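Structure first, commentary second.
2 protein chains.
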Amino acid sequence: MAGSQLESLEKTLEKYIPPDELKDVRRILFGNDTKKLELSKCAVEAALERDFELQGCMFEAGHEQLRQPRVVRVGLIQNAIVLPTDAPVTEQITALHRRVGEMVEVAAMCGVNIICFQEAWTMPFAFCTREKMPWTEFAESAEEGPTTRFCQELAKKHNMVVVSSILERDEVRGDTLWNTAVVVSNSGVVLGKTRKNHIPRVGDFNESTYYMEGNTGHRVFQTHMNGAEIIFNPSATVGGLSEPMWPIEARNAAIANHCFTCAINRVGTEHFKNEFTSADGNKAHKDFGHFYGSSYVAAPDGSRSPGLSRTRDGLLVAELDLNLNRQINDKWGFKMTGRYDVYAHELTEAVQDDFKPNIVKE
Amino acid sequence: MAGSQLESLEKTLEKYIPPDELKDVRRILFGNDTKKLELSKCAVEAALERDFELQGCMFEAGHEQLRQPRVVRVGLIQNAIVLPTDAPVTEQITALHRRVGEMVEVAAMCGVNIICFQEAWTMPFAFCTREKMPWTEFAESAEEGPTTRFCQELAKKHNMVVVSSILERDEVRGDTLWNTAVVVSNSGVVLGKTRKNHIPRVGDFNESTYYMEGNTGHRVFQTHMNGAEIIFNPSATVGGLSEPMWPIEARNAAIANHCFTCAINRVGTEHFKNEFTSADGNKAHKDFGHFYGSSYVAAPDGSRSPGLSRTRDGLLVAELDLNLNRQINDKWGFKMTGRYDVYAHELTEAVQDDFKPNIVKE
Chain A
1 MAGSQLESLE KTLEKYIPPD ELKDVRRILF GNDTKKLELS KCAVEAALER
51 DFELQGCMFE AGHEQLRQPR VVRVGLIQNA IVLPTDAPVT EQITALHRRV
101 GEMVEVAAMC GVNIICFQEA WTMPFAFCTR EKMPWTEFAE SAEEGPTTRF
151 CQELAKKHNM VVVSSILERD EVRGDTLWNT AVVVSNSGVV LGKTRKNHIP
201 RVGDFNESTY YMEGNTGHRV FQTHMNGAEI IFNPSATVGG LSEPMWPIEA
251 RNAAIANHCF TCAINRVGTE HFKNEFTSAD GNKAHKDFGH FYGSSYVAAP
301 DGSRSPGLSR TRDGLLVAEL DLNLNRQIND KWGFKMTGRY DVYAHELTEA
351 VQDDFKPNIV KE
Chain B
1 MAGSQLESLE KTLEKYIPPD ELKDVRRILF GNDTKKLELS KCAVEAALER
51 DFELQGCMFE AGHEQLRQPR VVRVGLIQNA IVLPTDAPVT EQITALHRRV
101 GEMVEVAAMC GVNIICFQEA WTMPFAFCTR EKMPWTEFAE SAEEGPTTRF
151 CQELAKKHNM VVVSSILERD EVRGDTLWNT AVVVSNSGVV LGKTRKNHIP
201 RVGDFNESTY YMEGNTGHRV FQTHMNGAEI IFNPSATVGG LSEPMWPIEA
251 RNAAIANHCF TCAINRVGTE HFKNEFTSAD GNKAHKDFGH FYGSSYVAAP
301 DGSRSPGLSR TRDGLLVAEL DLNLNRQIND KWGFKMTGRY DVYAHELTEA
351 VQDDFKPNIV KE
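Sequences listed follow chains A and B, in order.
Under the UniProt record's numbering, the first sequence has 351 at position 351, and the numbering climbs by one with no breaks.
Under the UniProt record's numbering, the second sequence has 78 at position 78, and the numbering climbs by one with no breaks.
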């Protein structure tokens, strides 16, 4: 499958478009060029040996008199599942721990302060099957499950904040399942968790069959890593459905909110033992389509990093000067000029039962 | 100036990238291909003679049993100013009426039902100067000004809804100025107006020096043209500031709201008599930079039309089957699955004086 896939949009553009025109094309598509971040030789060699892509880039901010640069390095990991989807559950989890663990080691060599894995990273994205077993067996406690313990070890060992998206089982509250991102502090403490709010009901993403709309609202996690002005979005999404939206949404969020966003997608094609249908009139089949990777970081000034490949495991290391956020806030000022009071009022009216839209007719 | 400008992103991609890879590049960047809309020979010839670009495209929807296709043709006009910015005000307005009028004639030949002009289309985008005279003399009554009367004539003559963005002077309320889009029904009646809500305070866009935050909220205008499921955004924005955001924002809005959006930018470089500074440490100068056109239509499924050129006057005719909106709504279901009650609640809290953000610390 991967062989027939375009490796990366950016590489294709670079291959064919002459440098002087490429400059304009890149500016229009991706904003100001990001600088390449030089990574240590040992990290580059380890990534080569462990067979994953390693990219580094930098987002710089202007000099300020009263604040030092607030530089933080984030790592985005995208990876294919390791074992076949019908291997025993514990073996699949352990193999993924091992694979992601060796990628995190390289992130540590690159000085990464905060690492984020893809959505439901300890399991195949099996919700397309609509089967409950064995998939719900991948669910764990967010506070005490083996994956959180594994992340705590990584965090302590590498002095790194870990954002770990798992299928959560809440045994205390009726064995409820959630799609949960656990945030582990660099000290190894579970800082907290946030549950996915908006559960898609689209295509083969039968997520609402498995877990509920989150009840944790929109939390901000303050770490020791220079404050929290980054939105991490661990995702899992396939080409046919969403790829043209992928370069749009995270960048729009970064621009609209004057912050950095990290969009992380899984990679590869996952095959399941039992065939399933996709409610599209086509025959039953055993895969969900190609997860196209392409993980990237977007900045508040409309620029973005290159994407990781569409086909391979990868680690993207991005050095962010968080001062850029307030600088862009001061430049564009959406938080001040945006009509948030109007939006709050109109949105509050719009969710009422007796809402009447404001329609002007002749 | 225009000579040194890239003509269009799409044309550059088509020129260099081989067809098989171009297909993937186009899919990732622009979503499903739109079909070309064949336009009448007389329209093509008239556009050639009147020296503007004419493009046509189609957004189709799937067949439904209970609804006929609800097809509407929209026209987007981008144009440079006609006379020098120091020509007498009335002559400038009249010249723009004449230019846009002859473009609307071609839109009529193309069967356009709803036409939208660029932001503040009757004047240079002179707010960069921070001078009041003569620029505020371009302001008119939204209900009875010469431009609205001109649009009413166009509307009746061509049986076309006209969306006309002007600098409005509200004489009754203390001569307040607004940035207002007037909606004229195809019958020639002024259906209503909506005033720009969020006034940027960025770069040379000293808009807040001239007019106030709108007080008309978010209105929907219901016309006889098959219902209102289109957001028109008449804009005026320049390359250095915003061009990488241009392909993002309107598409994101179309995707997030399951509707069509039309993004219209002016074109060309406007020179002013008096020099002005840009608060960027650079020397005083007499122009605002290049308005990069690139007007386009975005669809709820993430697809988009090609953009008009970055350099020339142009008319984009897009045929939309509005049934696509509900079809995509039924597919993605954001209006149902989105947590609008949560967002309304959190946003209402966030605009309170005593708001305390929900921050989780170790």
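Glycine included, every Cβ here is placed at the ideal spot set by N, Cα and C.
Everything numeric in this text was worked out from a predicted model, so none of it was measured.
Quiz item: At least one CB of chain B closer than 8 Å to the CB of serine 185 of chain A: is that the case?
Solution: One-based indexing of the first sequence puts residue 185 of chain A at position 185. Chain B contact via Cβ: present.
Quiz item: Near glycine 177 of chain B, which residues of its chain fall below 8 Å by C-beta distance, leaving aside the five closest residues on each side in sequence?
Solution: Position 177 of the second sequence, counted from the first residue, corresponds to residue 177 of chain B. The amino acid occupying residue 177 of chain B in the given sequence is leucine; glycine does not appear at that position. These residues qualify, in order along the chain: Thr136, Ala139, Leu167, Glu168, Arg169, Asp170, Tyr210, Tyr211, Met212.
Self-check item: CA-to-CA distance, alanine 107 of chain A to phenylalanine 59 of chain A, given in whole angstroms
Solution: Position 59 of the first sequence, counted from the start, is the residue given in the question as residue 59 of chain A. Position 107 of the first sequence, counted from the start, is the residue given in the question as residue 107 of chain A. Rounded to the nearest whole angstrom, the CA to CA distance from phenylalanine 59 of chain A to alanine 107 of chain A is 18 Å.
Quiz item: Just to confirm, are glutamate 229 of chain A and phenylalanine 260 of chain A a CB contact at a threshold of 8 Å?
Solution: For the purposes of this step, residue 229 of chain A is taken as residue 229 along the first sequence, with counting starting at 1. For the purposes of this step, residue 260 of chain A is taken as residue 260 along the first sequence, with counting starting at 1. Going by C-beta atoms, glutamate 229 of chain A is nearer than 8 Å to phenylalanine 260 of chain A.
Practice problem: Alpha carbon to alpha carbon, how far is methionine 123 of chain B from proline 69 of chain B? Give it in angstroms, no decimals. | Solution: Sequence index remark: in the second sequence, residue 69 of chain B carries index 69 (1-based). Sequence index remark: in the second sequence, residue 123 of chain B carries index 123 (1-based). Answer to the nearest angstrom: the Cα atoms are 38 Å apart.
Practice problem: List in chain order: all unbroken beta strand (DSSP E) runs of 3+ residues lying wholly within the segment 234-299 of chain B. | Solution: Every beta strand (DSSP E) stretch that sits fully inside the segment 234-299 of chain B and reaches 3 residues is listed by chain position as 260-264, 267-276, 285-292, 296-298.
Exercise. Give the range of the beta strand (DSSP E) segment to which asparagine 179 of chain B is assigned.
Key: Taking the first residue of the second sequence as 1, we reach residue 179 of chain B at position 179. Run containing asparagine 179 of chain B: 176-184, per the beta strand (DSSP E) assignment.
Quiz item: Enumerated in chain order, which unbroken segments of the beta strand (DSSP E) with a length of 3 residues or greater are wholly contained in the segment 134-205 of chain B?
Solution: DSSP runs (the beta strand (DSSP E)) wholly in the segment 134-205 of chain B: 161-170, 176-184, 190-195.
Quiz item: At a Cβ threshold of 8 Å, is tyrosine 343 of chain B touching chain A?
Solution: Residue numbering aside, residue 343 of chain B sits at position 343 when the second sequence is read from its first letter. For tyrosine 343 of chain B, the answer is yes, since a Cβ of chain A falls inside 8 Å of its Cβ.
Exercise. Could you have a look at glutamine 120 of chain A and say whether DSSP puts it in helix, strand or coil?
Key: Taking the first sequence and counting its residues from 1, the one referred to as residue 120 of chain A is at position 120. What sits at residue 120 of chain A in the sequence shown is alanine, not glutamine. DSSP places alanine 120 of chain A outside both helix and strand once states are collapsed to three, so it counts as coil.
Quiz item: Listing by chain order, which chain A residues have their CB less than 7 Å from the CB of glutamate 362 of chain B?
Solution: Here residue 362 of chain B is taken as the residue at index 362 of the second sequence, counted from 1. Annotation: Cβ neighbours of glutamate 362 of chain B in chain A (cutoff 7 Å, chain order): Ser185, Ser187, Val189, Leu191.
Quiz item: Excluding five sequence neighbours on each side, which residues of the same chain lie with their C-beta closer than 8 Å to the C-beta of histidine 274 of chain B?
Solution: As a first step, residue 274 of chain B is located in the second sequence; it is residue number 274 there, counting from the start. First, the amino acid is wrong: residue 274 of chain B is asparagine here, not histidine. Excluding sequence neighbours, asparagine 274 of chain B sits near Thr129, Glu131, Lys286.
Self-check item: Residues of the segment 6-37 of chain B with Cβ closer than 8 Å to any Cβ of chain A, in chain order
Solution: The segment 6-37 of chain B vs chain A, Cβ under 8 Å: Leu6, Leu9, Thr12, Leu13, Tyr16, Ile17, Pro18, Glu21, Asp24, Val25, Arg27, Ile28, Leu29, Phe30, Gly31, Asn32.
Quiz item: So, is the C-beta of leucine 347 of chain A closer than 8 Å to a C-beta in chain B?
Solution: The residue given as residue 347 of chain A occupies position 347 in the first sequence. Closer than 8 Å to some Cβ of chain B, the Cβ of leucine 347 of chain A qualifies, so yes.
Self-check item: Given asparagine 179 of chain B as reference, the closest of B:Phe291, B:Pro234, B:Phe30, B:Gly188 once Cα atoms are compared
Solution: In the second sequence, residue 179 of chain B corresponds to position 179, counting from 1. Of the candidates B:Phe291, B:Pro234, B:Phe30, B:Gly188, the one whose C-alpha sits nearest the C-alpha of asparagine 179 of chain B is B:Pro234.
Quiz item: Can you list, in chain order, the residues of its chain whose CB lies under 6 Å from that of valine 360 of chain A, leaving out five sequence neighbours each side?
Solution: Here the question's residue 360 of chain A lines up with position 360 in the first sequence. Taken in chain order, the list of residues that qualify is empty.
Exercise. Establish whether the CB of valine 351 of chain B and some CB of chain A are separated by less than 8 Å.
Key: Within the second sequence, numbered from 1, the residue matching residue 351 of chain B stands at position 351. So yes, valine 351 of chain B belongs to the interface.
Practice problem: Return helix, strand or coil for glycine 314 of chain A, following the three-state DSSP convention. | Solution: Here residue 314 of chain A is taken as the residue at index 314 of the first sequence, counted from 1. Strand.
Self-check item: Residues that DSSP places opposite isoleucine 359 of chain B in a beta bridge
Solution: On the second sequence, position 359 is the one that residue 359 of chain B refers to. As computed with DSSP, isoleucine 359 of chain B is found in a beta bridge with A:Val220.
Quiz item: So valine 338 of chain A and histidine 198 of chain B are in contact, right, with Cβ under 8 Å, and what is the actual spacing, rounded?
Solution: Reading the first sequence from its first residue, position 338 is the one you call residue 338 of chain A. Reading the second sequence from its first residue, position 198 is the one you call residue 198 of chain B. A small fix is needed here, since residue 338 of chain A is glycine in this sequence, not valine. With 8 Å as the limit, glycine 338 of chain A and histidine 198 of chain B qualify as a contact, their Cβ atoms being about 6 Å apart.
Quiz item: Per DSSP, methionine 109 of chain A is paired with what?
Solution: One-based indexing of the first sequence puts residue 109 of chain A at position 109. Partner(s): none; methionine 109 of chain A has no beta bridge.
Quiz prompt | Beta carbon proximity, histidine 258 of chain B to chain A, threshold 8 Å | solution = Counting from one through the second sequence, the residue named residue 258 of chain B turns up at place 258. Not an interface residue.
Quiz item: What residues from the segment 56-89 of chain A come within 8 Å of chain B, judged by C-beta to C-beta, listed N to C?
Solution: If the cut-off is 8 Å between Cβ atoms, the segment 56-89 of chain A has nothing near chain B.
Quiz item: How would you list, in chain order, the residues of chain A whose beta-carbon sits under 9 Å from the beta-carbon of tyrosine 340 of chain B?
Solution: Translated into the one-based positions of the second sequence, residue 340 of chain B becomes position 340. Within 9 Å Cβ-Cβ: Leu347, Ala350, Val351.
Quiz prompt | valine 220 of chain A at chain B interface by Cβ criterion, 8 Å | solution = Along the first sequence, one-based indexing puts residue 220 of chain A at 220. Residue contact check for valine 220 of chain A against chain B: a CB pair falls below 8 Å.
Quiz item: Is the shortest distance between the beta-carbon of isoleucine 255 of chain B and the beta-carbons of chain A less than 8 Å?
Solution: Counting from 1 along the second sequence, the entry for residue 255 of chain B is found at position 255. Interface residue, yes.
Self-check item: Burial state of aspartate 33 of chain B (16 or more Cβ within 10 Å)
Solution: Working through the second sequence from its first residue, we reach residue 33 of chain B at position 33. With a threshold of 16 other beta carbon atoms within 10 Å, aspartate 33 of chain B falls short and is exposed.
Practice problem: Would you list the one or two residues that DSSP bridges to isoleucine 114 of chain A? | Solution: Translated into the one-based positions of the first sequence, residue 114 of chain A becomes position 114. DSSP, once it has assigned bridges, lists A:Val74, A:Val161 as partnering isoleucine 114 of chain A.
Self-check item: Buried/exposed call for arginine 312 of chain B, threshold 16 Cβ in 10 Å
Solution: On the second sequence, residue 312 of chain B is found 312 positions in, with the first residue counted as 1. Arginine 312 of chain B should be labelled buried.
Quiz item: In this structure, does DSSP put glutamate 7 of chain A in helix, strand or coil?
Solution: For this step, residue 7 of chain A is matched to residue 7 along the first sequence. The three-state secondary structure of glutamate 7 of chain A, taken from DSSP, is coil.
Quiz item: Residues of chain B with a CB under 7 Å from the CB of histidine 198 of chain A: which are they?
Solution: Residue numbering aside, residue 198 of chain A sits at position 198 when the first sequence is read from its first letter. What histidine 198 of chain A touches in chain B: Thr337, Gly338, Arg339.
Exercise. Could you name the residues of the same chain whose beta carbon sits closer than 8 Å to that of valine 190 of chain B, not counting the 5 residues immediately before and after it, in chain order?
Key: Here residue 190 of chain B refers to the residue found at position 190 when the second sequence is read from its first residue. So the list reads Ala142, Glu143, Thr148, Gln152, Val182, Val183, Val184, once near-sequence residues are dropped.
Practice problem: Anything in chain A within Cβ reach of asparagine 231 of chain B, meaning under 8 Å, just list it in chain order. | Solution: Numbered from 1 along the second sequence, position 231 holds the residue referred to as residue 231 of chain B. Residue identity differs from the one stated: residue 231 of chain B is isoleucine in this sequence, not asparagine. Taking a Cβ-Cβ threshold of 8 Å, none of the residues of chain A is close to isoleucine 231 of chain B; the smallest such distance is about 14 Å.
Quiz item: With C-beta atoms as the reference, is methionine 245 of chain A less than 8 Å away from glycine 302 of chain B?
Solution: Here residue 245 of chain A refers to the residue found at position 245 of the first sequence. Here residue 302 of chain B refers to the residue found at position 302 of the second sequence. Yes, they are a contact pair.
Self-check item: Contact set for arginine 201 of chain B: own chain, Cβ-Cβ below 6 Å, skip 5 residues either direction
Solution: On the second sequence, position 201 is the one that residue 201 of chain B refers to. Only Ser208 meet the Cβ criterion.
Practice problem: Count the other C-beta atoms from every protein chain shown that fall within 10 angstroms of the C-beta of glutamine 65 of chain B, then say buried if there are 16 or more, exposed otherwise. | Solution: Counting from 1 along the second sequence, the entry for residue 65 of chain B is found at position 65. Burial call: exposed.
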